[in-house]
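K.L.:
First, the structure itself, so that you have it in front of you.
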Amino acid sequence: MPSRRSKPSKSASTPTGIEGLAARLGLGPRTVIGLRAAGWTVLAGLLVAGGLMGIPTLKQRAEARNLALDDSIEVRFVGGPSWFDDDDLRAGLADTVRSAIGDDRATIRDAGLRRALAGLERTGWFERVTQIRWIDPTTVAVEAEWVVPVALVDGTLVGGERRAFLVDSEGRRLELDYPIGAAGLPELLRIKGASEVVPPAPGERWGDDVDAALALHRVIHDAPWYDLVRSIDTRRHATDREVELHTDRSTIVWGSPPGEWTLAENTDQDKILIVEQLATDGYLKADAIYDIRSFDIHQDDAVLDFRYRTPEDR
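So, in structure tokens, the structure goes:
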């Protein structure tokens, strides 16, 4: 009796999928591999395209959330100078940024940041704003090259109030001033007697007499007696082109601004040495006026030949 054998299953003998299609079409193994690769490539492309189509929607949703935020914007001044510790100044510059941005808190657009940059540059506190950027939807970072305040110039506001205005080394007014005589003024040189009593706009230069005072400041800044100087008076600059130094008790008639001395006048270096000798000998502690324009410390007997001995004699 013949033995019974089970017929092989159709699934075991008939190729399926790509192999079955390839067998029916008479395609070789290499063609099959190529078709598989093409299929995976198409699938990957569809996935990427779908993802890219979704990105704008996600960004739009994120920006909509940013625009709806009510939190105040925090402004960080990255790497601010050591003297940048005035709370009013810090708050004022931060308000400049917030006001410029307004409700435009879209972090993928820079219109608000551009307005903030322009606003900061108008304050006169920066040589250059190098970067302003969003850190997150509630925080803006500012990086800049700051100007350096070197003196206070006495002036008068339009309404008549006397104030002391900060200026930088180039004589440009900075956007910060103080009541004259108020406690807590910055420990900076005072410039008095400016011919332009009403101050210029922030960022603008004050005038030739303030320039002359700042030039003298640069010449004497490293002198050993510099800390004795409290102010530079420019009242005689408009008529005689001369400036004076004031200590706590004495007046020093310096004469022409640095580099402009006359043939009969001591040079800047000579004047520095004369004042050094006066300070060493204790003369700057007296209530006196010392005219050093042509005085020779090596020939004259101490200060006996000065033109003025006391302020009342002047």
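Note that the working numbering has the sequence shown beginning at 89, numbered continuously upward. Glycine included, each C-beta is placed from N, C-alpha and C at the ideal position. Only a predicted model underlies this, so the values are computations on that prediction, with no experimental measurement involved.
Could you tell me the alpha carbon to alpha carbon distance between residue 317 and residue 231, rounded to whole angstroms?
P.N.:
Residue 317 sits at position 229 when you count from the first residue of the sequence shown. Residue 231 sits at position 143 when you count from the first residue of the sequence shown. Going from the Cα of residue 317 to the Cα of residue 231 covers about 35 Å.
K.L.:
Tell me which same chain residues have a C-beta within less than 8 Å of the C-beta of residue 172, skipping the five on either side of it?
P.N.:
Walking along the sequence shown from the start, residue 172 turns up at place 84. 165, 178 and 234, listed in sequence order.
K.L.:
Grouping DSSP H, G and I as helix and E and B as strand, with all else coil, what is residue 326?
P.N.:
Along the sequence shown, read from residue 1 onward, the residue named residue 326 stands at position 238. Secondary structure of residue 326 (DSSP, three-state): helix.
K.L.:
Take residue 361 and list the residues in its own chain whose beta-carbon comes closer than 6 Å to its own, dropping the five residues that flank it on each side.
P.N.:
Counting from 1 along the sequence shown, the entry for residue 361 is found at position 273. Here the set comprises nothing.
K.L.:
Quick one: is residue 325 buried, meaning 16 or more other Cβ sit within 10 Å of its Cβ, or exposed?
P.N.:
By one-based count along the sequence shown, residue 325 stands at place 237. Counting Cβ neighbours within 10 Å, residue 325 comes out buried, since at least 16 surround it.
K.L.:
Excluding the five sequence neighbours on either side, which residues of its own chain have a C-beta within less than 6 Å of the C-beta of residue 146, listed in chain order?
P.N.:
By one-based count along the sequence shown, residue 146 stands at place 58. Model confidence at residue 146 stands at a pLDDT of 46, short of 50, so the residue's coordinates are unreliable; what they give is reported in the following sentence. Setting aside the 5 residues that flank it on each side, residue 146 has no residue in the same chain whose C-beta is closer than 6 Å to its C-beta.
K.L.:
Look at the alpha carbon of residue 341 and the alpha carbon of residue 382, and state the distance between them as a whole number of angstroms.
P.N.:
Numbered from its first residue, the sequence shown carries residue 341 at position 253. Numbered from its first residue, the sequence shown carries residue 382 at position 294. Rounded to the nearest angstrom, the two C-alpha atoms are 10 Å apart.
K.L.:
Taking its Cβ as the centre, do 16 or more other Cβ atoms sit within 10 Å of residue 312, making it buried, or is it exposed?
P.N.:
Numbered from its first residue, the sequence shown carries residue 312 at position 224. Answer is exposed; the Cβ neighbour count stays below 16.
K.L.:
Report the rounded CA-to-CA distance for residue 227 versus residue 221, giving the unit in angstroms.
P.N.:
Residue mapping note: residue 227 aligns to position 139 of the sequence shown, counting from 1. Residue mapping note: residue 221 aligns to position 133 of the sequence shown, counting from 1. Each residue's alpha carbon lies about 9 Å from the other.
K.L.:
Give me the Cα-Cα distance between residue 276 and residue 314, rounded to the nearest whole angstrom.
P.N.:
Translated into positions along the sequence shown, residue 276 becomes position 188. Translated into positions along the sequence shown, residue 314 becomes position 226. Approximately 12 Å, taken between the alpha carbons.
K.L.:
Is the distance from the Cβ of residue 320 to the Cβ of residue 278 below 9 Å?
P.N.:
Start at 1 with the first residue of the sequence shown, and residue 320 comes out as number 232. Start at 1 with the first residue of the sequence shown, and residue 278 comes out as number 190. The criterion of a C-beta distance shorter than 9 Å is satisfied by residue 320 and residue 278.
K.L.:
Using CA coordinates, which residue listed in 187, 167, 260 and 243 is at the minimum distance from residue 217?
P.N.:
Sequence index remark: in the sequence shown, residue 217 carries index 129 (1-based). Out of 187, 167, 260 and 243, 167 has the C-alpha closest to the C-alpha of residue 217.
K.L.:
Just to confirm the assignment: which complete beta strand (DSSP E) runs, minimum length 3, are found wholly within the segment 181–225?
P.N.:
214–224
K.L.:
Assign residue 368 to buried or exposed, taking buried as 16 or more other Cβ atoms, counted over all protein chains shown, within 10 Å of its Cβ.
P.N.:
Locating residue 368 in the sequence shown gives position 280, where the first residue counts as 1. Under this definition residue 368 is an exposed residue.
K.L.:
Report the three-state DSSP secondary structure of residue 353 (helix, strand or coil).
P.N.:
Translated into positions along the sequence shown, residue 353 becomes position 265. Residue state, collapsed to three classes: coil.
K.L.:
May I ask which residues mark the beginning and end of the alpha helix (DSSP H) holding residue 256?
P.N.:
If you number the sequence shown from 1, residue 256 lands on position 168. It is not in any alpha helix (DSSP H) - residue 256 instead sits in the beta strand (DSSP E) that spans 250–256.
K.L.:
What whole-angstrom Cβ distance do residue 273 and residue 264 have, given they're in contact under 8 Å?
P.N.:
Residue 273 sits at position 185 when you count from the first residue of the sequence shown. Residue 264 sits at position 176 when you count from the first residue of the sequence shown. About 11 Å separates the two Cβ atoms, so there is no contact after all.
K.L.:
How would you label residue 333, buried or exposed, when you count the other beta carbons within 10 angstroms and need 16 or more for buried?
P.N.:
Within the sequence shown, residue 333 is the residue found at index 245, counting from 1. It is buried - the Cβ of residue 333 has at least 16 other Cβ atoms within 10 Å.
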